[in-house]
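**Q** Going by full-length UniProt numbering, the residue at position 130 of the sequence shown is 130; the numbering climbs one at a time, nothing skipped. Please find one structure pasted underneath; my questions will follow.
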Amino acid sequence: MDKYRGAVVEDLQLSPAFALPFTERVSRAIELAYDRDFSHIPVLDKNRRPLGYVEVSKLKEMWESGQANPNDKVSQYMTKFKRTSSEPYTLITPLTPLDELEKFLGENIFALVTDSQRKFVLGVATVHDLEQFVSRRGF
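Right under this line is the structure:
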């Protein structure tokens, strides 16, 4: 039985995506992350395609310990997305069923929700978002 009763990612009502350009400075990235209470922020190339992500707590630690310069670009500290034939990109769109999202989040910290052509990041989904959805719906 489908515990999400056919619900899809757009039913989570995620906040609009917040992402950083790969050229953003470390100091600004940390400031923006704390303003929004984000732990991971996608990093985009000049065409707004996802390149990877920064883990905010790790970036802040590196900055405080002097390993990251506040004026460095976030791209120097991001974790790159692996796109190989052995690890294909998993497409998560607003129409992806929540049970598929749950499987993906079983192996990943978060999911980038993109359009079907992967040109734009529309949102970021986490296990917490799924848990909130279930509790709101009383499933």
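The beta-carbon is built from N, C-alpha and C at its ideal position, and this holds for glycine as well.
1. Evaluate residue 24 with the Cβ neighbour count: other Cβ atoms within 10 Å of its Cβ, from every protein chain shown; 16 or more gives buried, anything less gives exposed.
2. Which residues in the same chain as residue 18 place their Cβ atom closer than 7 Å to its Cβ, once the five residues preceding and following it in sequence are excluded?
3. Between the beta-carbon of residue 43 and the beta-carbon of residue 75, is there less than 8 Å?
4. What runs of the alpha helix (DSSP H), each 4 residues or longer, lie entirely inside the region 23 to 69?
5. Using CA coordinates, which residue listed in 16, 92 and 32 is at the minimum distance from residue 105?
6. Please classify residue 109: is it buried, with 16 or more other beta-carbons within 10 angstroms of its beta-carbon, or exposed?
**A** The short version:
1. As a working mapping, residue 24 is identified with position 24 in the sequence shown. Buried, because 16 or more other Cβ atoms sit within 10 Å of the Cβ of residue 24.
2. For the purposes of this step, residue 18 is taken as the residue at position 18 of the sequence shown. If we look at residue 18 and ignore the five residues flanking it on each side, its Cβ neighbours are 36, 38 and 41.
3. Working through the sequence shown from its first residue, we reach residue 43 at position 43. Working through the sequence shown from its first residue, we reach residue 75 at position 75. Contact flag set, yes.
4. 26 to 36 and 56 to 64
5. Reading the sequence shown from its first residue, position 105 is the one you call residue 105. Of the listed residues, the one whose Cα sits closest to residue 105 is 92.
6. Taking the sequence shown and counting its residues from 1, one reaches residue 109 at position 109. When all chains shown are included, residue 109 counts as exposed.
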